[in-house]
Structure formats: structure tokens, C-alpha cells
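Written below as C-alpha cells is the structure these notes are about.
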Amino acid sequence: MEANVSIREQVEAMEARSLGPRACLSRNSKGRRQEEAPDLMRPCFQRDRDRVVHSKAFRRMAGKTQVFLAPIGDHYRTRMTHSIEVSQVGCAIARALHLNTMLVEAIAMGHDLGHTPFGHAGERTLRQLIPGGFHHARQTLRIVNETGRSGRGMNLSEEVIDGIAKHSKGKGKLITDNRATLALTLEGQVMRLADIIAYVNHDFDDARRAGLLAEDDLPLEVAEQLGRSHSQRLSTLVGDVVQASEACGLGRIHMSEPVVQALEAFRDFLYDRVYLTDAVTEDFDRAAGILNFLWEYFMADEARFEAEFDSRSSDEPHHQRVTDYITGMTDRFAIRLYERLFMPRAWSVF
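Using my numbering, you'd call the opening residue of the sequence shown number 7 and step up by one each time.
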């Protein structure tokens with residue numbers, strides 16, 4: 007290779023030789039919204055991954071609830087550990103299909119940056135409070151496109167932004183023919199399935215740790231189709247995505263119908279027995295009360311908000327700045343702030 011060829015170009019050439027024909031190559035990226043000079047060492051998707059991982063928003067995910075409140079247990083998953091597990095599952099699938107693992111990793115690490123403190127309870131609360139509603143996926147896009155990196159936005163590659171924008175499924179169909187909601191790259195489609203594969207398995211694991219469920223509570227149809235242990239289920243799901251996607255010629259990322267049905271049944275079981283149960287919602291009701299108080303406190307007096315938080319986006323509507331501030335909080339920070347603002351403290355006359 008010529009001496010004047012950069013390390014990045016050498017890596018891109020290796021990528022082109024080793025990846026399959028349906029992979030999204032770094033050198034074929036559609037680029038960024040704001041043009042930047044290429045990095046001398048890193049292909050664009052690696053640069054995106056690094057940009058996400060080094061962001062404050064990513065670090066704060068370590069203190070944000072996945073299902074069980076982060077402050078009450080050291081071994082429960084957080085938004086950060088969830089993102090890492092999604093990346094691991096997605097890269098295992100992508101590697102087997104000769105797709106671009108760096109693109110999968112960049113999407114996976116960035117897909118949940120906009121989540122609120124206190125998990126789904128926080129999102130439900132803010133959805134009721136914020137004019138126009140709230141959705142974590144929209145807030146994630148706001149972070150990567152506008153507010154990240156001290157208000158400059160992260161300026162990620164279009165393929166990463168597309169994968170982040172189209173990862174959310176809720177309780178909808180896992181496999182869809184709707185091109186409007188399907189990621190443009192196979193890597194983005196991989197990450198969409200890796201997300202649910204990761205969360206149904208680790209949320210079940212956390213529910214067992216919390217004493218809400220036992221291994222035997224898993225529905226028979228799920229256990230028989232996917233496996234009775236955590237590792238068996240992951241192996242079955244990852245293997246099925248690889249085999250079904252290869253069987254359809256990698257026209258899209260796919261799963262077999264029996265496995266899709268079992269995975270959807272697994273998800274629905276968790277909604278019924280974990281996400282919406284009194285044991286989980288009792289703590290979340292208290293968390294929702296904290297967010298309600300903080301929202302009302304800062305919305306009532308703009309000057310008070312400015313004194314608490316030096317906002318750089320002064321041209322934004324007041325409710326948007328309050329939204330950015332509250333959604334960026336960790337569970338622990340929100341609790342401490344609530345205690346400082348609303349709880350009486352001991353004092354001395356001397």
C-alpha cells in the first residue's frame with residue numbers, strides 16, 4: 007500500500023475486502039449534515055461510535071433506570087449496560103452476516119441517549135407534562151443533532167441517525183414491511199432486533215433477581231421455542247436472525263415466524279408481569295412525583311430556572327430548555343435536587 011495512504015483509508019480498504027456485498031461500507035456513507043474533514047485514522051462510523059461514547063449524555067446513562075430503579079441495586083441493568091448488551095447482540099449478528107459491526111455499535115451506543123430518569127415512568131410522566139408530548143427517540147435525535155457537544159450537536163453520519171430514529175418498536179410488530187419505519191441499512195435493521203433480544207432477556211433476569219419472577223414462570227411456549235436459560239435464549243434468537251436473514255438473501259433482516267411469535271409472547275409476558283405490576287409501579291409513582299415537582303418548579307419561574315441551570319440555548323422556548331434539563335438528569339441527581347429544593351433541612355442559629 008502506498009506510503010501516503012492514511013490509516014483510515016487502509017482500514018476502509020480492509021473493510022471492503024472482508025464485508026459482504028450488502029454491508030454498508032464506511033467509505034460509502036452518505037456523510038454528515040455538516041461537512042467535516044475525514045479523520046486520518048478512523049472511518050466515519052468508528053468516529054461516530056467514539057463521539058457517542060465520549061459524550062456526557064452517554065456517561066449519564068449509567069445512572070438512569072432500565073426497569074428497576076438504579077439507586078436501589080448495584081446489579082440491575084441501567085440504560086448504559088442495556089446499550090452495551092444491545093451492541094454485543096447486534097455485533098454478533100452483524101459479524102455472522104458479514105455486515106459492518108462498527109455501524110451497528112455506533113447506533114446501539116447512541117439509541118437511548120434521550121431517555122429520562124426513572125425509566126418508563128419518567129417518560130410517561132413527561133409525556134403528560136410537556137406540550138406536544140414526549141418520546142425518548144425524539145429526544146435522542148435532539149441530543150445527537152442539536153444539543154450534544156455543548157450545543158453543537160454530535161454531527162453523526164446519516165446512517166447512524168437513521169438507525170437511531172427507526173429503532174423504537176414499543177409493542178408493535180417486530181417484523182414490518184413498512185419501509186417508512188424500516189432502517190435504510192441492514193445494520194440499522196440488525197440493531198432494531200438486537201434491542202428487543204437484549205431487553206427481554208436482561209429484564210427477565212433482573213425481575214428474577216428482584217424476586218418478582220422465577221425461572222419457571224416463563225411461559226411454556228417461550229421456554230420450548232427459545233430455551234430455558236438466558237444463554238440458550240440468546241443463542242436461539244441470534245442464530246434465528248442469522249439463518250432467516252440468509253434464507254431471504256439478505257434482502258432484509260428477518261426472523262422465522264415461530265421465533266417471532268415466541269419473542270412477542272415473551273415481550274407481552276414482561277409487560278403483564280413486570281413493567282405494569284404494582285411492585286414496579288409503586289416506586290415509579292414516587293419517581294413520577296419527583297419529576298412533577300421539578301417540572302412545575304422550573305416552569306413556574308423562568309428566572310429561577312436560569313439561576314439553577316446556565317442554559318446555553320436561550321433562544322429556545324422555556325419548556326424545551328426545562329425538558330432538556332430534566333431528561334438529562336440521572337435518577338440520583340433528580341432525587342438529590344428534589345431533596346435540596348423541597349425537603350426541609352436542619353439548621354442552626356449559630
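For every residue, glycine included, the Cβ atom is placed at its ideal position computed from N, Cα and C. As the structure is a prediction and not an experimental result, all values here were calculated from the model.
Identity of the residues DSSP links to residue 4 by a beta bridge: Residue 4 lies beyond the residue range present for the chain, which begins at 7 and ends at 356; the question has no answer from this structure.
In DSSP terms, what residue 163 is bridged to: 38
Run of the alpha helix (DSSP H) containing residue 88, from where it starts to where it stops: 85-102
Separation of residue 12 from residue 213, as counted between CA atoms: 49 angstroms
Run of the alpha helix (DSSP H) containing residue 208, from where it starts to where it stops: 192-215
Run of the alpha helix (DSSP H) containing residue 344, from where it starts to where it stops: 337-348
Assigned secondary structure, residue 182 (DSSP; H/G/I helix, E/B strand, else coil): coil
Nearest neighbour of residue 160, chosen from 57, 166, 135 [CA to CA]: 57
Collapsed DSSP secondary structure at residue 16 in the structure displayed: helix
Pair within 7 angstroms by beta-carbon distance, residue 112 and residue 73: no
DSSP three-state assignment for residue 122, whether helix, strand or coil: coil
For residue 69, the nearest candidate out of 241, 31, 340, 131 (CA to CA): 340
With 16 other Cβ atoms within 10 Å as the buried cut-off, status of residue 47: exposed
Nearest residue (CA-CA) to residue 99, options 215, 249, 191: 249
Simplified DSSP state of residue 356, which is helix, strand or coil: Unreliable placement is indicated for residue 356, whose pLDDT of 45 sits below 50; the coordinate value is still reported in the next sentence. Residue 356 falls in the coil class under three-state DSSP.
Distance, residue 97 Cα to residue 221 Cα: 27 angstroms
Backbone CA spacing between residue 41 and residue 162 [nearest angstrom]: 10 angstroms
Best match in 313, 243, 211 for proximity to residue 276 [C-alpha to C-alpha]: 211
Nearest residue (CA-CA) to residue 299, options 132, 258, 233, 191: 132
Contacts around residue 126, its chain only, beta-carbon distance under 7 angstroms, and the 5 residues preceding and following it disregarded: 281
Cβ distance (whole Å) where residue 146 is taken to contact residue 116 below 8 angstroms: 7 angstroms
Length of the line joining the Cα atoms of residue 114 and residue 206: 16 angstroms
Residues near residue 304 by beta carbon distance below 6 angstroms, same chain, minus five either side: 311, 328
Residue span of the alpha helix (DSSP H) that contains residue 189, given as start and end: Per DSSP, residue 189 belongs to no alpha helix (DSSP H) and is neither H nor E.
Inter-residue Cα distance where the pair is residue 321 and residue 294: 28 angstroms
Contact set for residue 18: own chain, Cβ-Cβ below 8 angstroms, skip 5 residues either direction: 31, 32, 33, 49
Local Cβ density within 10 Å of residue 81, reported as buried at 16 or more and exposed below that: exposed
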